[in-house]
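Peer 1: Let me begin by handing over the structure; questions about it come next.
Numbering (UniProt numbering), first residue to last: 1 to 463.
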């Protein structure tokens with residue numbers, strides 16, 4: 001405010017006592033005197049009405065204010081009185097003559113004061129209006145800044161709420177996918193959930209194996225990372241996480257030496273059934289502002305959730321390996337295939353009957369996902385045309401490879417079954433031609449005895 005007052009005072013001083021006003025008055029008076037002396041009678045324009053000095057007085061009053069106008073009036077009066085004065089008339093007394101001489105200077109002084117004050121009033125009102133406008137602009141700027149601050153707080157709050165919603169959705173999604181996920185995918189899903197909750201730059205999950213912590217999955221690591229992939233029992237971090245079963249946080253006193261530059265947060269993963277430490281979740285890099293107490297507690301809860309989910313996924317995977325039926329198809333599982341193939345082969349060799357095998361698979365890369373129509377078509381065709389003694393298996397986890405065991409059937413019988421299967425599955429395929437895009441292979445696991453082969457040949461000749 002002091003600076004603004006100083007600026008206003010300086011503006012008024014420059015406005016009313018400007019050097020340009022002095023120059024203009026001086027030039028005008030000089031031109032007036034020169035013109036009067038050289039071109040006219042030298043009477044300082046007493047006979048001209050209105051007098052030329054009115055111009056400089058009024059213009060100076062309007063343009064520069066009272067002080068400059070008074071100066072112009074005084075200078076004009078001096079110029080007026082410096083020339084030849086009019087003669088006193090015969091019928092004029094002394095006072096009337098003096099009044100006549102003083103009339104113009106007096107009027108100039110009065111007009112200088114009146115017009116100058118009006119101009120100054122107008123300019124003061126203009127300055128006050130400008131000051132009010134500046135104050136309003138300053139208030140508007142302050143309100144805008146306050147709004148921006150409030151908007152930033154609202155955005156942070158919305159981001160926090162969205163993060164909470166995303167974290168809840170992520171945890172629910174992770175819970176819903178327990179039965180359908182392999183243990184490795186569960187770990188990756190856990191890191192994805194951690195990224196949504198804490199937004200770390202780098203994080204990892206390690207498991208206890210062969211007496212040391214070995215990193216299983218990581219998030220955000222560079223191809224050549226300085227963080228170790230193995231943490232042995234000699235490490236203070238290993239002793240704190242596995243031995244003492246406690247979390248290690250960079251914010252806690254003494255934990256900085258334990259972490260030793262390997263991260264900012266390490267949390268033990270415990271088996272929910274045995275309460276033993278099975279691994280560790282570690283955050284290597286994260287924004288300092290995101291490492292709050294609530295975030296740490298949330299990371300601890302998430303670590304327990306990942307441990308429980310991983311244990312259940314492992315148990316589910318073990319059960320799947322020993323299951324007799326496939327997950328989504330009315331076919332036997334891959335693990336049951338090896339057992340049945342071995343048993344049927346042994347019995348067939350001992351009892352002397354043939355066993356054939358028919359393999360069905362998509363052409364191309366066996367690791368590529370194929371459409372589910374092949375699996376459905378094979379399952380439906382097997383239910384319609386196979387005998388009760390025949391066994392159909394889903395060999396691969398991605399429903400693109402199948403095996404059919406045909407006891408009491410030789411290679412010729414398996415070829416007949418193959419031809420019938422081709423005709424049966426062709427309408428059910430969503431894409432491709434079974435004769436071109438699907439491979440059918442026949443194997444003679446246990447050939448028929450020689451006597452049975454001769455009898456079969458005789459039966460074919462008679463037929």
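Here a beta-carbon is modelled for each residue, glycine too, at the ideal position from N, C-alpha and C.
Since we're looking at a predicted model, the values are computed, not measured.
Which same chain residues end up closer than 7 Å to residue 368 when comparing Cβ atoms and leaving out the 5 residues on each side of it in sequence?
Peer 2: Low confidence applies here, because residue 368 scores a pLDDT of 42, under 50, leaving its location unreliable; read the following figure in that light. So no residue of the chain qualifies.
Peer 1: Would you mind sorting residue 279 into buried or exposed? The rule is 16 or more other CB atoms within 10 Å of its CB.
Peer 2: When all chains shown are included, residue 279 counts as buried.
Peer 1: Span of the alpha helix (DSSP H) holding residue 336?
Peer 2: Looking at the DSSP string, the run of the alpha helix (DSSP H) that includes residue 336 is 334-351.
Peer 1: Would you mind sorting residue 126 into buried or exposed? The rule is 16 or more other CB atoms within 10 Å of its CB.
Peer 2: Exposed is the call here.
Peer 1: On the criterion of 16 or more Cβ atoms from any shown chain inside 10 Å, does residue 512 qualify as buried, or is it exposed?
Peer 2: Outside the shown range of the chain, which is 1 to 463, sits residue 512, and nothing can be said about it.
Peer 1: For residue 409, report the span of its alpha helix (DSSP H) as first-last.
Peer 2: Per DSSP, residue 409 belongs to no alpha helix (DSSP H) and is neither H nor E.
Peer 1: Among all the DSSP beta bridges, which residues are the ones paired with residue 268?
Peer 2: In the DSSP output, where bridge partners are listed per residue, residue 268 has 280.
Peer 1: Keeping to the same chain, check which residues put their C-beta closer than 6 Å to that of residue 176; ignore five residues upstream and five downstream.
Peer 2: Low per-residue confidence applies at residue 176: pLDDT is 48, beneath 50, and the placement is therefore not dependable enough to give any value.
Peer 1: Can you give the Cα-Cα distance for residue 447 and residue 373, rounded to whole angstroms?
Peer 2: For residue 447 and residue 373, the distance between alpha carbons rounds to 33 Å.
Peer 1: Rounded C-beta distance between residue 296 and residue 331? I'm assuming under 8 Å.
Peer 2: No, residue 296 and residue 331 are not in contact; Cβ-Cβ is about 48 Å, not under 8 Å.
Peer 1: Tell me whether the beta-carbon of residue 83 lies closer than 8 Å to the beta-carbon of residue 57.
Peer 2: Against a cut-off of 8 Å, the Cβ pair of residue 57 and residue 83 comes out as no contact.
Peer 1: For residue 357, does the three-state DSSP call read helix, strand or coil?
Peer 2: Three-state DSSP puts residue 357 in a strand.
Peer 1: By the DSSP assignment, the alpha helix (DSSP H) with residue 292 in it spans what residues?
Peer 2: That residue, residue 292, is in no alpha helix (DSSP H); it is neither H nor E in DSSP.
Peer 1: State yes or no: is the C-beta of residue 52 within less than 8 Å of the C-beta of residue 32?
Peer 2: Contact flag set, yes.
Peer 1: With residue 77 as the anchor, note down where its alpha helix (DSSP H) starts and where it stops.
Peer 2: Residues 66-82.
Peer 1: Assuming residue 384 and residue 424 form a contact by the criterion Cβ under 8 Å, report the distance between their Cβ atoms to the nearest whole angstrom.
Peer 2: Their Cβ separation, rounded to whole angstroms, is 7 Å, which keeps residue 384 and residue 424 in contact under 8 Å.
Peer 1: Quick check: the segment 271-286 against the segment 187-203, are at least 3 beta-carbon pairs closer than 8 Å?
Peer 2: Touching, per the Cβ criterion.
Peer 1: Can you tell me whether residue 39 is buried or exposed? The criterion is at least 16 other CB atoms within 10 Å of its CB, across all chains shown.
Peer 2: Exposed is the call here.
Peer 1: In three-state DSSP terms, what is residue 206?
Peer 2: Three-state DSSP puts residue 206 in a strand.
Peer 1: Do residue 307 and residue 358 have their beta-carbon atoms positioned less than 8 Å apart in this structure?
Peer 2: Going by C-beta atoms, residue 358 is not nearer than 8 Å to residue 307.
Peer 1: Looking only at its own chain, which residues have a Cβ that is under 8 Å from the Cβ of residue 238, when we skip the five neighbours before and after it?
Peer 2: If we look at residue 238 and ignore the five residues flanking it on each side, its Cβ neighbours are 212, 213, 231, 232.
Peer 1: Let's test the definition: count the other Cβ atoms within 10 Å of the Cβ of residue 395 and tell me whether it reaches 16, buried, or not, exposed.
Peer 2: With 16 or more Cβ atoms within 10 Å of its Cβ, residue 395 is classed as buried.
Peer 1: Counting only the same chain and skipping the five closest in sequence on each side, list residues whose C-beta sits under 6 Å from that of residue 116.
Peer 2: Same-chain partners within the cutoff: 61, 65, 66, 69.
Peer 1: Comparing C-alpha positions only, which one of 389, 403, 292, 294 sits nearest to residue 338?
Peer 2: Among 389, 403, 292, 294, the Cα nearest to that of residue 338 belongs to 403.
Peer 1: Any idea if residue 269 is buried or exposed, counting beta-carbon neighbours within 10 angstroms, 16 or more meaning buried?
Peer 2: That one is buried.
Peer 1: Considering only DSSP beta bridges, list what residue 446 is partnered with.
Peer 2: Answer is 355, bridged to residue 446.
Peer 1: Taking the beta strand (DSSP E) that residue 257 belongs to, which residues open and close that run?
Peer 2: Residue 257 -> not in any beta strand (DSSP E); alpha helix (DSSP H) instead, spanning 255-259.
Peer 1: Quick check on residue 404: does DSSP put it in helix, strand or coil?
Peer 2: Residue state, collapsed to three classes: strand.
Peer 1: Is the beta carbon of residue 80 closer than 8 Å to that of residue 104?
Peer 2: Taking 8 Å as the Cβ cut-off, residue 104 and residue 80 qualify as a contacting pair.
Peer 1: Between 108, 393, 351, 341, which lies nearest to residue 360 when the distance is taken from Cα to Cα?
Peer 2: Of the listed residues, the one whose Cα sits closest to residue 360 is 393.
Peer 1: Looking only at its own chain, which residues have a Cβ that is under 8 Å from the Cβ of residue 348, when we skip the five neighbours before and after it?
Peer 2: Excluding residues within five positions, the ones whose Cβ falls inside 8 Å are 354, 355, 407, 445, 446.
Peer 1: Check for me: the beta strand (DSSP E) holding residue 217 runs from which residue to which?
Peer 2: Looking at the DSSP string, the run of the beta strand (DSSP E) that includes residue 217 is 212-219.
Peer 1: Give the single residue among 229, 225, 54 whose Cα lies nearest to the Cα of residue 216.
Peer 2: Checked all of 229, 225, 54; the closest Cα to residue 216 is 229.
Peer 1: Quick check: the Cα distance between residue 245 and residue 253, rounded to an integer number of angstroms?
Peer 2: Approximately 17 Å, taken between the alpha carbons.
Peer 1: Who are the Cβ neighbours of residue 277 in its own chain at under 6 Å, not counting the five residues just before and after it?
Peer 2: The answer, listed in chain order, is 242, 245, 268, 270.
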